[in-house]
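The working numbering applies: residue 448 is where the sequence shown begins, and numbers increase by one.
The C-beta atom is built at its ideal place from N, Cα and C for all residues, glycine as well.
One structure below.
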Amino acid sequence: MAWSTAIAFDRQAFRKGEPTAVTALLDTARFPGKRALPKNPRYTLELALLADGVPPESVYAELATEAGVDRAFAALDKIKDNILFWDKADQPITWLLEKKVTMAAGYSGRIFRAAVGDQRRIGVLWDGQIYDVDAWAIPKAARNKDEAMRFISFATSPERLAAQARLIAYGPMRKSAVQLVGKHPIIGVEMQEFLPTAPDNFKTALKFDEAWWNEHDAALSQRFTAWLAPIEAAAAAKEAERKAKEAKSKAPVTRATP
C-alpha cells in the first residue's frame, strides 16, 4: 500500500480559483496565506524543487548537485516569511482548520479525514505528491516460510487491497486493486478521489527515495538547520512582541491620586 505527502488547502481561502498545480505552493500572490511544511529537509526540499518546476523524475538528480540544493533553498526563500514548520503529524491539518495556514503539506490519511468533514472545506492537491510504500517481508530463517508466503499472497490480492483502501486513503500498488475500490462502507464517500495511486492522482507523483536520503541526509540536515535558525529566531521575536503588546493592552490603568 502507498501513502503520501500531498498538499491540502483551505477551499474557503481560494474561492476565486483553487490551486491545480504544485507551483501554487510558491505563488503567494495568486494564492495568499501561510504554508505548513515539515520541519525537516526530507519532503520539504523535494516539494521546493517540484514547486519550482523540476519534473518528478529529475528531483533527486537535481538535489544531488550543489546548484540543485541552492535552487531548493532559493525557492523556499521566496516564501520563508509565510511558512509555519510542523514536527507533529496532526499540526498541518489542525492549522488549516484553525485558518493559521491556507496550504499545508501533510499525510494523505490525515488529509482524507479532514477533507470528508466540515462540509468538504479542505481540498487536496495531488500534483507533486511524494509517496512511499509499506511492504511485507519474511525473515530469511523463518520457520513457516510457506505459510507466510500464502498469507502475503492473500493479503496482497486485489480484493484484499481494495477492501483496505475502502477504509483508509492508502493506495494499492496493484492497478487491478485500484479499479476495485469503491465507496467507504460507513460514510459512503467515493474513495478514488483520495487514493494516492488513483490514476488521476498518480500522474505526477514522486517516489520518496530513502536510500538517497541515507546518503545525503547529514549534509542537507546541517544546511537546513542553518537556514531555518534565523527564520525561527525572527518568528520567536515577533511572537514575543505580540505577547508584550497584548499584555500591555490588558494591564490595568493606574491613575495618580491628586
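Please identify the residue among the options whose C-alpha is closest to the C-alpha of residue i.
| i | options | result |
| --- | --- | --- |
| Gly570 | Pro646, Leu492, Lys630, Arg557 | Arg557 |
| Asp537 | Leu653, Pro605, Ala455, Met596 | Ala455 |
| Ala683 | Leu494, Ala610, Phe559, Phe532 | Phe532 |
| Thr470 | Ala449, Leu497, Trp450 | Leu497 |
| Asp647 | Gly635, Gln626, Lys463 | Gln626 |
| Ser604 | Trp674, Lys697, Leu572, Ser623 | Ser623 |
How about residue i and residue j: do their beta carbons lie closer than 7 Å?
| i | j | result |
| --- | --- | --- |
| Pro643 | Tyr578 | yes |
| Thr475 | Asn529 | yes |
| Ala551 | Ala468 | no |
| Met638 | Ala449 | no |
| Ile526 | Leu473 | yes |
| Arg567 | Gln459 | no |
Starting from residue i, trace the beta strand (DSSP E) both ways and give me its first and last residue.
| i | result |
| --- | --- |
| Ser451 | 449 to 457 |
| Asp574 | 569 to 580 |
| Trp533 | 530 to 533 |
What number of angstroms, rounded off, separates the C-alpha of residue i from the C-alpha of residue j?
| i | j | result |
| --- | --- | --- |
| Lys481 | Glu594 | 51 Å |
| Ala610 | Glu679 | 44 Å |
| Leu523 | Glu606 | 42 Å |
| Pro488 | Pro699 | 46 Å |
| Val501 | Glu545 | 32 Å |
| Phe461 | Arg560 | 20 Å |
| Asn591 | Asp581 | 22 Å |
| Leu494 | Val628 | 28 Å |
| Arg613 | Ala562 | 15 Å |
| Arg597 | Glu686 | 57 Å |
Below 8 Å on the Cβ atoms is my guess for residue i versus residue j; work out the distance and round it to an integer in Å.
| i | j | result |
| --- | --- | --- |
| Phe641 | Ala616 | 4 Å |
| Asp574 | Thr651 | 5 Å |
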